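Structure, as structure tokens:
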Amino acid sequence: MNIEPYIAQLLYRYQCVTVPGFGAFLTEIQSAQLVESSHSFFPPKKIISFNAHIKNNDGLLANHIAQAEKTSYEYVVSAIQYQVLNWKKNIQLDGILSIKNVGNFELNADKNLIFTPFDQTNYLTNSFGLSAFVSPVIKREIFEQKIEALEENIDQEAVIEFIPERRRTSNYLKYAAVFVLGLGVAGSIGYPLYQQKIASETILVEKSVQKQVQNKIQEATFFIENPIPAVTLTVKMKEEKMSYHIMAGAFRDEKNAEKIFKKLTIQGYKARRIPQNKHGLFPVLYGSYATFAEAEKVRQEILKNENPDAWVLIESL
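So for the sequence shown, my numbering puts the first residue at 506; every next one is plus one.
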């Protein structure tokens, strides 16, 4: 059974696809990019990375293949183990392994596994149909020569001088001007006096009205026969989703799960118990975290000091 196409299918839908006994393929969304040197535009995409420490079977890949192949879950688990065994043999013999549409694995000088993702496939469904393209350089015309030519033409043109025509004015216009000036002086003196009088009368009226209003307020009595009962509002805060969980173990007996849960709580961990899974086990968590980096940091400390089998479960709980 070839499991490579199913890994590629799941990368479109999930952030983590684990191959039991081999490792996990993780995805991270990268924003659109512009390379100015080559004038190239690249759409948003998923970047694939590999973590060899996540090897436990979370059931995602096996269940997906079982449904697609219409076979049993146990048979698919055995087929995955056989495929992983062949991968490891090929890496040891050839020093390289290629998984179609996912990436290549190589062994470096220190015998460490190096993963190089296949960048020709974009697993971000929101970018479906979008492809990289190169934009031509925008050409801007220079108008300096045209401006210089226009300036030369202006210098060569003849300058036309306009001499205003003088006309004699009649004496009656002088008298009219004196009359208008007199009206302006009279208006500038009389108008402010008129405005001042209106303002004084307005203040008197406003004081009278204000006094009547105050008297009415003092005489008024307000009484409510059936008061409305107080309303108590309960605001429910939205909890932050934790998608990365460090698994302490899964137990057949619920009493053992409760015992481990209390022990971790006493040790200072924000331990959690989650509902019984489809395999009849009762999982117990060291704690839940918002990012994979936080969970991985705590898991490394647990591996060194307490539990070498602790692993990260990626699921929205």
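Where is the CB? At the ideal position from N, CA and C, for every residue including glycine.
Bear in mind that the values here come from a model prediction, so they are computed numbers and not experimental data.
- Contact between the region 789-799 and the region 759-778 is present: three or more C-beta pairs spanning the two stretches fall below 8 Å.
- Only exposed fits I534, as fewer than 16 other CB atoms lie within 10 angstroms of its CB.
- Per DSSP, reduced to three states, the secondary structure at Y511 is helical.
- For F623, the secondary structure class from DSSP, reduced to helix, strand or coil, is coil.
- In this chain, the beta strand (DSSP E) harbouring Q535 covers G528 to Q535.
- DSSP, reduced to helix, strand and coil, places V817 within a strand of the structure shown.
- A straight line joining the alpha-carbon of K560 with that of I512 spans about 15 Å.
- Distance from the CA atom of N562 to the CA atom of T576, rounded to whole angstroms, is 18 Å.
- Its chain contains K560, Q586 and V589 as the residues whose beta carbon lies nearer than 7 Å to that of G526, once the 5 sequence neighbours on both sides are disregarded; these appear in chain order.
- Bridge partners of V803 according to DSSP: none are assigned.
- Exposure of I771 is indicated by the presence of fewer than 16 other C-beta atoms within 10 angstroms of its C-beta.
- Secondary structure note for K550: its beta strand (DSSP E) is the uninterrupted segment K550 to N556.
- Separation of H558 and E799 (C-alpha to C-alpha, rounded to the nearest whole angstrom) is 15 Å.
- In the three-state reduction of the DSSP assignment, S793 falls in the strand class.
- Distances from the alpha-carbon of L822 to those of F555, A755 and Y749 put Y749 closest.
- Going by DSSP, Y774 is part of no alpha helix (DSSP H) at all; its letter is neither H nor E.
- With a beta-carbon spacing of about 7 Å, L531 and Q520 fall inside the 8 Å limit used to define contacts.
- For S583, the enclosing alpha helix (DSSP H) stretches over residues Y578 to D599.
- The Cβ atoms of P510 and N617 lie no closer than 9 Å to each other.
- Setting aside the 5 residues that flank it on each side, G785 is surrounded in the same chain by R757, each with a C-beta closer than 8 Å to its C-beta; the list follows chain order.
- In this structure, the CA atom of A584 is about 10 Å from the CA atom of Y578.
- Shortest Cα-Cα distance from V522 to any of N556, S536 and P548 involves N556.
- The residues A815, in chain order, have a CB closer than 7 Å to that of L808 in the same chain once the five nearest residues on each side in sequence are set aside.
- Residues of the same chain with a CB within less than 6 Å of the CB of W592, apart from the 5 flanking positions on each side, are L602 in chain order.
- When Q781, N568 and A753 are compared, the shortest CA-CA separation from K768 is found for A753.
- The beta carbons of V581 and M506 sit closer together than 9 Å.
- Boundaries of the beta strand (DSSP E) harbouring E611: G608 to L612, taken from the DSSP string.
- Just so you know, the alpha carbons of K783 and N568 end up roughly 12 Å apart.
- Across the set S536, K594 and K550, the C-alpha of K594 shows the shortest separation from the C-alpha of L612.
- For I751, no alpha helix (DSSP H) run applies; the uninterrupted beta strand (DSSP E) run containing it begins and ends at Y749 to F756, by DSSP.
- Closest in alpha carbon position to S554, among D624, A795, L598 and A762, is D624.
- Within its own chain, the residues whose Cβ lies closer than 6 Å to the Cβ of S536, once the five positions on either side in sequence are excluded, are P549, listed in chain order.
- The Cβ atoms of N609 and F620 sit closer than 9 Å to each other.
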